[in-house]
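The structure under discussion appears below in the form of structure tokens.
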Amino acid sequence: MKRKRLIVQLLLILALVGVSVALFVIGKGHQLLIDNKRATIDGKRVEAYEWVNVYLDGATKPIELEEDDRQMGKVSGPWHNIRIEILENEKVVKTYERRFTVGLANSF
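Residue numbers (the numbering used here): 49 to 156.
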């Protein structure tokens, strides 16, 4: 009887630890730095855009970036969507949408 009780208690502790780890991973917050700056990637020069709107995880209010600007966005969880709108004369000329993940290895 004591052995059965000990096994049940150990299983409950393991289940509690498993739920705790899952909630930690799902609820982990991240700060993302978003740049609109000139860069060189693999020897190819990429110019900054004059004005960019960035939406994280379906937000209704954009993060607005001028040329050579940097802003921070906050997200929680490992899976995210980003939408980038390139603006010219206050009109959207191009839109990029991507899905990305931020793992725990990138957090420490």
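All residues carry an ideal CB built from backbone N, CA and C; glycine is no exception.
Note that the structure is predicted; figures quoted are calculated from it, not measured.
Taking a cut-off of 8 angstroms for Cβ pairs, the stretch 95 to 105 and the stretch 119 to 137 touch, as three or more such pairs fall below it.
In the displayed model, Ala-63 falls within a helix according to three-state DSSP. Just so you know, the alpha carbons of Leu-59 and Lys-52 end up roughly 11 angstroms apart. Rounded to the nearest angstrom, the gap between the Cα atoms of Gly-91 and Lys-139 is 31 angstroms. With a 10 Å radius around the Cβ and a threshold of 16 neighbouring Cβ atoms, Leu-113 comes out buried.
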